[in-house]
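Here's the structure, in structure tokens; my notes come after.
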Amino acid sequence: MSKPLSHDSATGHVTGESIYINDMPVNGQLLTGRVVTSCHAHARIIRIDISEALKTAGVHTILTARDIPGENQMGPVIHDELCLAETETTFIGQAIALIAAESEEAAIIAEKLIRIEYEPLESILSIESAMAANNIIAPVRRITRGEVEPALRKAPHRLSGEMRTGAQEHWYLETQTALAIPGEGREMKVFASSQNPAETLAIVAEVLGLQKNEVEVEVKRIGGAFGGKETQGNHVAAWAALLADATRRPVKIHLFRDDDQVMTGKRHRFLSKYEIGFDDQGMILAYKVELNSDAGSATDLSRAILERSMLHAENCYYLPVVSITGQAWKTNLPSNTAFRGFGGPQGMAVIENAIDRIARFVKKDAASIRFLNFYRHEENNVTPYGQKIGNNRLFLLYERLMNSSEYLGRRALVDEFNATNEFYKKGLALMPVKFGISFTTAFLNQAGALVNVYTDGTVLVNHGGTEMGQGLHTKIKQVAASELGISPDRVRVNATNTSKVPNTSPTAASSGSDLNGMAVKNAIDTIKSRLAELARKEDIPADTPFEELCRLAHLNRVSLSATGFYKTPGIYFDRETGQGNPFHYFAYGMAVSEVMIDTLTGSHSLLRSDILQDVGDSINASLDRGQVEGGFIQGVGWCTTEEIKWDSRGNLLTHSPDTYKIPTINDIPADFRIELLPNVPNDGTIRRSKAVGEPPFMLGISVWLAIKDAISAAGNHLSEPALKIPATHEDILLAVNSLPLKQPLL
Ligand code: MTE
Ligand code: QUE
Ligand code: MOS
């Protein structure tokens, strides 16, 4: 099944030898780039005066919008995002001017001498005020099955409410960084920290007014991305390229942590409204949900993210009658962007909260209500968007995890603990996840590769995916080695480069190894069939070593280099009707988490989490476990401590690690048990594996549900705790204190 090959960079990261952009040796000509940004959320720009700043020693150039040789544009899908602001600013942190200087110090001195005169305008800083002003970013979207209003009216029981999920900062360890090196004429080479080198190339070419064949983008590795460098890595690349083009010197921009947090977009916060109808058993009969996202000031990927939230609004549950609507709202905040899960977590959180409420209403354990409503084979196995659920793993996961986590026994222990402790309360919850694998934008489901075999039998693999810590290059190396039947140390995976493999998709949607693995296999199949033909013609014995075969191929003038291509078969989605088959398959996972809260302080501790994840036949079990751990904990952060706040002017208040709390070693479960579901090959993918990058994120919601269970226990499970995501200690305390009836003294 899996090979114990360790991550490509395991030693390199620990010893510090792995090269990031900031470690690259550049000649003595390197200049530092600095971005001057807006301090108003919404204002007219009256005047920009750079004359004093330009006199600063060591400053080479200062650029504003009018100096852009090409198009002033960096929107990835909709062209509604300026590279540099012109007459108006639409969020705090928006780029207005660029400085290239001999040193960071000189650039900072110059920045202070730039005079920008603003006329402040009214700003919109919340989803509610965007709604009141009808400030939409895209037309409303709908997915429906049946008539929801009559079905809700007919249901024996109904619950309705509102659910808020918060923004989230990516907190990649390497902040946004790019190094642009001018070549001959106006050629430009950019070393980028980007999940999407092809799009970085497109944006750089566009702002410089160049053809795509004049720009080259290379990505060796990214110091973490999590979706934050799918589009927004393009911004620093475009700014650095503008400065390099103007000065004809290499220019690097490496954002300070606080600047990065202020300037870049985050996970979309959502304000969602729902109504759910169900019977006495807790079986769902009808569900109506309105998903509202805060897009920020420009479109970025908001449409695709909203779409994915709608396609995950039912999570693992069959909804006979359903109405899902989605709206993205425009505010004066940085444009929100991709973040692990890509809307999935926001859509799922609403129904998971609703199911919790159903369980409390019918006085049954929430896990049993989840089980009752699961998709079932041959009966209720069609999603609201018309895709059939094949290879449903929910029952396999549920049975195995309920047993291995000893759910029922621990439920009794938790109840007993709660009956005998006044101030500490425990909570337990199960959370299932079904995550659709494929870009819902069909054309993105393609990949390319270029495989070079050398005459000594060693192999250099180029593919379109980027390495951001997830271990993609290690998996690709294993795929190439096993397809060729050689040892992995004879295979090297090259830095991702747009001149080797062009027109690629972002490394995103968890499909990096699915897509690029297949493209690499396709290239290797071509080389293998050439070698087989040679062996037949020349009567070369079957046991000839690979390197000898390669040498003979060269002598017989057989090409040892091939491109490969892959496109996912059978996927389509009609946005108008909200129907189709958007996903190649589903990745499933399940988690049980147990927490304890302190009802006097609102603090919580995560006692134990058991996770069971379906990764098909794992290509590399160590890497997959790493993704499950990291994804889960990042989800726990979103659900508990990571809270983003802005002041009334739109200034980010939580702009550094002292005010924004990501999980640390103390936040992992005291008892953490991860298992990969055994013996579940996934037909039709590379090595029958499954995607793993994003799905475990949403299992973090189990911790939130467990916290809610613990708060509920403080009120004898008689009332519904009002809780948002994240449930910070403050929220927990407020929820406990607002329970109408607290548990009486012992
Ligand atoms: N793991 C690490 N270490 N660093 C990352 O930036 N990004 C996640 C996930 N795991 C990320 C990560 C996201 S958002 C995605 S979409 C996938 O990795 C992308 O890689 P894959 O498609 O190769 O799984
Ligand atoms: C999941 C994703 C992405 C997605 C759809 C998903 C994603 C992404 C895009 C996208 C959509 C339209 C574009 C484009 C990108 O869609 O990451 O450039 O024109 O970038 O279901 O992760
Ligand atoms: Mo991941 S959010 O699809 O980069």
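Residues in the sequence shown are numbered from 0 upward in steps of one, following numbering that gives the first Met the number 0. For each residue, glycine too, the CB sits at the ideal point set by N, CA and C. Values in this document were obtained by computation on a predicted structure and should not be read as measured data.
Query: Thinking C-alpha only, which one of Met595, Lys211 and Glu351 is nearest Ala669?; Result: Met595
Query: So if I measure from each beta-carbon to every heavy atom of the ligand QUE and keep distances below 6 Å, which residues remain?; Result: Pro75, Val76, Glu229, Leu300, Ala303, Arg307, Ala337, Phe341, Phe438, Thr439, Thr440, Leu443, Pro505, Ala507 and Ala508
Query: Pick out whichever of Glu101, Ile20 and Tyr19 has its Cα sitting closest to the Cα of Leu30.; Result: Glu101
Query: State the Cα-Cα distance for the pair Thr454 and Thr382, rounded to the nearest angstrom.; Result: 52 Å
Query: Between the alpha carbons of Tyr384 and Asp609, how many angstroms are there, rounded?; Result: 31 Å
Query: With DSSP as the reference, please indicate the residues paired to Glu118 in a beta bridge.; Result: Arg43
Query: For a quick check, are the C-beta atoms of Ala243 and Pro181 less than 8 Å apart?; Result: yes
Query: So what does DSSP say about Arg607, is it helix, strand or coil?; Result: strand
Query: Say yes only if the C-beta of Met467 is nearer than 7 Å to one or more non-hydrogen atoms of the ligand MTE, and no if none qualify.; Result: yes
Query: Closest to Leu158 by CA distance: which of Ala479, Leu83 and Val349 is it?; Result: Val349
Query: Skipping 5 residues on each side, what residues in its chain have a beta carbon closer than 8 Å to that of Gln626?; Result: Gln469, Gly470, Val691, Gly692 and Pro695
Query: Would Ile142 and Ile388 be called neighbours here (beta carbons separated by less than 8 Å)?; Result: no
Query: Confirm the yes/no value for this check: CB of Arg339, any heavy atom of the ligand MOS, distance under 7 Å.; Result: yes
Query: Just the C-alpha distance for Thr506 and Thr419, rounded to the nearest angstrom, thanks.; Result: 51 Å
Query: What span of residues does the alpha helix (DSSP H) with Ala411 cover, start to end?; Result: Tyr406 to Thr419
Query: For Tyr397, does the count of other Cβ atoms within 10 angstroms reach 16, so buried, or fall short, so exposed?; Result: buried
Query: Is it a yes or a no for the stretch 35–43 touching the stretch 72–90, going by three-plus beta-carbon pairs under 8 Å?; Result: yes
Query: Is Ala224 near the ligand MTE, going by C-beta to nearest heavy atom under 7 Å?; Result: yes
Query: With DSSP collapsed to three states, give me the class of Arg141.; Result: strand
Query: Could you tell me the alpha carbon to alpha carbon distance between Gly227 and His234, rounded to whole angstroms?; Result: 11 Å
Query: What's the call for Gln747, buried or exposed, on a 16-neighbour Cβ count within 10 Å?; Result: Summary: the structure shown does not reach residue 747, with the chain confined to residues 0 through 745, and so no result is reported for it.
Query: Whose C-beta lies closer than 7 Å to the C-beta of Thr108 among residues of the same chain, with five residues either side of it excluded?; Result: Strictly speaking, residue 108 in this sequence is Ile, with Thr absent from that position. Closer than 7 Å at the Cβ level, and outside the excluded window around Ile108, lie Thr55.
Query: So which of Ala237, Glu183, Ser193 and Glu186 has the shortest CA-CA distance to Ile202?; Result: Ala237
Query: Can you tell me the Cα-Cα spacing of Ala239 and Trp170, whole angstroms?; Result: 22 Å
Query: When you compare only the Cα positions, how much space is there between Val320 and Asp573?; Result: 20 Å
Query: Less than 8 Å between the beta carbons of Leu675 and Lys474, yes or no?; Result: no
Query: Could you give the distance in angstroms between the alpha-carbon of Pro725 and the alpha-carbon of Glu642?; Result: 7 Å
Query: Return the first residue and the last residue of the beta strand (DSSP E) that Glu641 is part of.; Result: Per DSSP, Glu641 belongs to no beta strand (DSSP E) and is neither H nor E.
Query: Per DSSP, what are the beta-bridge partners of Val432 in this structure?; Result: Gly588
Query: Within a Cβ cutoff of 7 Å, which residues of the same chain sit near Gly160, ignoring the five residues on either side of it in sequence?; Result: Tyr273
Query: How should Leu744 be labelled, buried or exposed, when 16 other C-beta atoms within 10 angstroms of its C-beta is the threshold for buried?; Result: Bear in mind that the predicted position of Leu744 carries a pLDDT of just 45, short of 50, making it unreliable; the figure below should be weighed with that in mind. The residue in question, Leu744, is exposed, as its Cβ has fewer than 16 Cβ neighbours within 10 Å.
Query: Could you tell me which whole beta strand (DSSP E) segments of length 3 or greater appear in the stretch 513–580?; Result: 560–566, 571–573 and 578–580
Query: Can you give the Cα-Cα distance for Asn493 and Glu628, rounded to whole angstroms?; Result: 27 Å
Query: When the Cα of Lys723 is compared with those of Trp637, Leu318 and Pro119, which residue comes out closest?; Result: Trp637
Query: Give every residue of the same chain whose Cβ lies closer than 6 Å to the Cβ of Val735, excluding the five residues on either side of it in the sequence, and list them in chain order.; Result: Thr598, Ile710 and Ala713
Query: Name the two residues that bound the continuous alpha helix (DSSP H) containing Glu16.; Result: No alpha helix (DSSP H) holds Glu16; DSSP gives it neither H nor E.
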